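>
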Amino acid sequence: MSGDVEQRVGLGIDFHRFASGRPLILGGVRIPFDKGLLGHSDADVLLHAISDALLGAASLGDIGLHFPDSDPHFKGADSAHLLQSVVEMIEANGWQVGNVDTVIIAEAPKLAAHVSAIRERIAQLLKVSADQVGVKATTREQMGSLGRGEGMAAQCVAFIRRSLP
Ligand code: MG
Numbered sequence: 777m778s779g780d781v782e783q784r785v786g787l788g789i790d791f792h793r794f795a796s797g798r799p800l801i802l803g804g805v806r807i808p809f810d811k812g813l814l815g816h817s818d819a820d821v822l823l824h825a826i827s828d829a830l831l832g833a834a835s836l837g838d839i840g841l842h843f844p845d846s847d848p849h850f851k852g853a854d855s856a857h858l859l860q861s862v863v864e865m866i867e868a869n870g871w872q873v874g875n876v877d878t879v880i881i882a883e884a885p886k887l888a889a890h891v892s893a894i895r896e897r898i899a900q901l902l903k904v905s906a907d908q909v910g911v912k913a914t915t916r917e918q919m920g921s922l923g924r925g926e927g928m929a930a931q932c933v934a935f936i937r938r939s940l941p
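Okay, so the sequence shown: first residue is 777 according to our numbering, each after it adds one.
(1) Please state whether DSSP places F794 in a helix, a strand or coil.
(2) So is the beta-carbon of H792 under 7 Å away from any non-hydrogen atom of the ligand MG?
(3) Closer than 7 Å to a non-hydrogen atom of the ligand MG - does that hold for the CB of V821?
(4) Comparing the CB of H890 with every heavy atom of the ligand MG, is any distance shorter than 7 Å?
(5) Which same chain residues, not among the five before or five after G870, have their C-beta less than 8 Å away from its C-beta?
(6) Between the segment 826–835 and the segment 783–790, do three or more beta carbon pairs fall short of 8 Å?
(7) What span of residues does the alpha helix (DSSP H) with L830 cover, start to end?
(8) On a CA-only basis, which of E926, A913, S796, V785 is nearest T878? Give me that one, please.
(9) Would you mind stating whether D854 and D810 have Cβ atoms separated by less than 8 Å?
(10) Would you mind sorting A888 into buried or exposed? The rule is 16 or more other CB atoms within 10 Å of its CB.
(11) Between which two residues does the beta strand (DSSP E) carrying L802 extend?
(12) On the CB-based measure, 16 or more other CB atoms within 10 Å of its CB, does V805 come out buried or exposed?
(13) What's the gap between the Cα of L902 and the Cα of E917?
(14) Can you tell me the Cα-Cα spacing of T915 and A882, whole angstroms?
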């Protein structure tokens, strides 16, 4: 073994609109709020952005390819399970997660009190420690559809590495 290491970064972004009568699941954690996110799965916008960043880093496509919303199998799917499948896919190609950093964009709810639980849950799903997971939140300063509180967005950059034979 030469000891050479291959390193990659990937980018993920996702959007979901709010709907009443649904739970708000963010980073695999249920957040108390009067609305949830609408989607074919549980619409966990943060785990979707992380999944896409990891798949992109490993050149393995995107979550729409692996978990199509036209497939009834994924209706109401727990996005934590989808992310675990993504981690298995990248591991099967020899990759390990180095770190992820994320930003949630929403006018509401306030997320500061939930950030540490979200980081812990993501770390568990990625099989890394919480200090390898960044979770930040910002608003759109009332500009545009997100600024009117119509939904949420999330972005992620992921760093992965593998040893070369
Ligand atoms: Mg999504």
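Glycine included, every Cβ here is placed at the ideal spot set by N, Cα and C. As the structure is a computational prediction, the values presented were derived from the model and not from experiment.
In short, the structure shows the following:
(1) As a first step, residue 794 is located in the sequence shown; it is residue number 18 there, counting from the start. Three-state DSSP puts F794 in a strand.
(2) Residue mapping note: residue 792 aligns to position 16 of the sequence shown, counting from 1. At least one heavy atom of the ligand MG is nearer than 7 Å to the Cβ of H792, so yes.
(3) Counted from its first residue, the sequence shown places residue 821 at position 45. Yes, the Cβ of V821 comes within 7 Å of a heavy atom of the ligand MG.
(4) Counting from 1 along the sequence shown, the entry for residue 890 is found at position 114. No - the ligand MG has no heavy atom lying nearer than 7 Å to the Cβ of H890.
(5) Here residue 870 refers to the residue found at position 94 when the sequence shown is read from its first residue. Beyond the five residues adjoining it in sequence on each side, G870 comes within less than 8 Å, by CB distance, of R938, S939 in the same chain, given in chain order.
(6) Because the criterion of three Cβ pairs below 8 Å is met, the segment 826–835 and the segment 783–790 touch.
(7) Here residue 830 refers to the residue found at position 54 of the sequence shown. Judged by DSSP secondary structure, L830 falls within the alpha helix (DSSP H) whose first and last residues are 821–833.
(8) What you label residue 878 is simply residue 102 of the sequence shown in a count that begins at 1. When the alpha-carbon of T878 is set against those of E926, A913, S796, V785, the nearest one is in A913.
(9) The residue you call residue 854 lines up with position 78 of the sequence shown. The residue you call residue 810 lines up with position 34 of the sequence shown. Result no, Cβ atoms of D854 and D810 do not sit closer than 8 Å.
(10) As a first step, residue 888 must be located in the sequence shown, where it is residue number 112. Here A888 is exposed. Its C-beta has fewer than 16 other C-beta atoms within 10 Å.
(11) Your numbering for residue 802 matches position 26 in the sequence shown. Start and end: 800–802.
(12) On the sequence shown, residue 805 is found 29 positions in, with the first residue counted as 1. Buried, by the Cβ-count rule.
(13) Here residue 902 is taken as the residue at index 126 of the sequence shown, counted from 1. Here residue 917 is taken as the residue at index 141 of the sequence shown, counted from 1. For L902 and E917, the distance between alpha carbons rounds to 32 Å.
(14) One-based indexing of the sequence shown puts residue 915 at position 139. One-based indexing of the sequence shown puts residue 882 at position 106. Taking C-alpha positions only, T915 is separated from A882 by approximately 5 Å.
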